[in-house]
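Asker:
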Amino acid sequence: MALGVAADVDAAPGTECPGPALDFVALAPALWLIPARGDKADGDNRGQVVNLLLARQGGRLWLLGAGPSPAFGRALACQAHLRLGLAVSEVAIPRARAELALGAAGLPAARLYATAAVRAAMRRQCAVCEQRLRDQLGEAAADLGAAPVRMPERLLTGTQGRWGPFAWRQIALGGSVTTVWRHQGADVVAAWGLMWPGQPPDGRDSGIVRLVAVGPLWLHGAGSATRFIGEQGPPAGLDEARRQAAYWAWMWQEAQAAVARGENPGAAPPPPVAAWGLHERHALNWQRAWRQAEDEFLAGAPRR
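Residues in the sequence shown are numbered consecutively from 994, following the numbering used here.
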């Protein structure tokens, strides 16, 4: 579906972009959130289930995350150009997830970056993740085309550094890796794979012990004015970020205690944020935590 240009966009009459129509939520004068539309990819949201960040600096647009498909990437490129008068020229993939990465193929003129660890994870996982996303999208899988995977050509070296207006730090999660980004001018931190404001965080593909340990890393330097962008959900403050990090410490303690008592996994205990107990992710997190605590317990048990 072609979309007319919004009323506040300075563009030639009749200029149109492909859909879906995207929201550009201003977080600061040169920083925008492109919000996720749903928890799980399906034909209605066309896989747009991860927040993206777009920044302007030095006459260029810097995009964190590329979206779920080449079709989405083309829509984003067109709409960003019409709204902001600049082409998206720099794109970075924060972590290896199809819904964050496959849009890059629709931005062929942009330079594509990732850390070596994220790129390696993409090489290992992309084929499986692409097929999973196709299955979830149904007829909308046509958005992916025949070859939706574009590997980053440029490496962010080391484990921390600067990229345009962002400072970044790579964080190993025990089975996966992510990068945390801070827009210092706006005091905004983006923590993909670590934070889901208003919901329990997701421990999939991560070590629970590692998630406990990295809390101080991604919260380092944050203050009362810092805003956090998670995988999904609206911007959140420091209190919510601390709740997200503290959840893992609480869960690990509960799992270790249950295993030490010789209990079976059973139902997940009520979390510190009561509403999170109603979310299916909490039960899955408990199963993972209990299994990892059992593995730790057995590894430390004396051999018979």
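By construction, the Cβ of each residue, glycine as well, lies at the ideal position given by its N, Cα and C atoms.
Values in this document were obtained by computation on a predicted structure and should not be read as measured data.
Count Cβ pairs between the segment 1092-1103 and the segment 1155-1172 that sit closer than 8 Å; are there 3 or more?
Answerer: These segments do not touch.
Asker: Using 10 angstroms around the beta-carbon of aspartate 1001, count the other beta-carbons present and answer buried if the total reaches 16, otherwise exposed.
Answerer: A caution first: aspartate 1001 carries a pLDDT of 34, below 50, which makes its placement in the model unreliable, though a value can still be read off. Counting Cβ neighbours within 10 Å, aspartate 1001 comes out exposed, since fewer than 16 surround it.
Asker: Are the CB atoms of histidine 1275 and tryptophan 1283 within a distance shorter than 7 Å?
Answerer: Their beta carbons are not under 7 Å apart, which means tryptophan 1283 does not touch histidine 1275 by this criterion.
Asker: In three-state terms, what does DSSP make of proline 1258?
Answerer: Note: proline 1258 maps to coil in three-state DSSP.
Asker: In the structure shown, what three-state DSSP assignment does glutamine 1050 receive?
Answerer: Of the three classes helix, strand and coil, the one that applies to glutamine 1050 here is strand, per DSSP.
Asker: What is the rounded straight-line gap between the Cα of glycine 1138 and the Cα of valine 1266?
Answerer: Straight-line Cα distance between these residues: approximately 42 Å.
Asker: Take alanine 1242 and list the residues in its own chain whose beta-carbon comes closer than 8 Å to its own, dropping the five residues that flank it on each side.
Answerer: Excluding residues within five positions, the ones whose Cβ falls inside 8 Å are Val1205, Gly1208.
Asker: Which one of Ala1120, Gln1072, Glu1083 has the shortest CA to CA distance from arginine 1090?
Answerer: The residue with the shortest Cα to Cα distance from arginine 1090 is Ala1120.
Asker: Could you check whether leucine 1054 and valine 1081 sit closer than 7 Å to each other, using their CB atoms as the reference points?
Answerer: Yes.
Asker: Ignore the nearest five residues each way along the sequence and tell me which others in tryptophan 1185's own chain have a CB closer than 6 Å to its CB.
Answerer: Closer than 6 Å at Cβ, skipping near neighbours: Pro1087, Arg1088, Thr1171, Glu1224.
Asker: Distance check for leucine 1075 and proline 1011, CA to CA, integer angstroms please.
Answerer: Going from the Cα of proline 1011 to the Cα of leucine 1075 covers about 12 Å.
Asker: Got a sec, what are the start and stop residues for the alpha helix (DSSP H) glutamine 1280 sits in?
Answerer: Glutamine 1280 -> alpha helix (DSSP H) spans 1273-1293.
Asker: Below 6 Å CB to CB, which residues in the same chain sit around threonine 1150 once its five sequence neighbours on both sides are set aside?
Answerer: Excluding residues within five positions, none has a Cβ falling inside 6 Å.
Asker: Quick one, which of Glu1123, Arg1049, Gly1099, Gln1246 has its alpha-carbon nearest phenylalanine 1159's?
Answerer: Measuring from the Cα of phenylalanine 1159, the nearest candidate turns out to be Arg1049.
Asker: Are there three or more Cβ pairs, one per stretch, closer than 8 Å when the segment 1030-1041 is compared with the segment 1115-1134?
Answerer: With a cut-off of 8 Å, the segment 1115-1134 and the segment 1030-1041 count as touching, because enough Cβ pairs lie within range.
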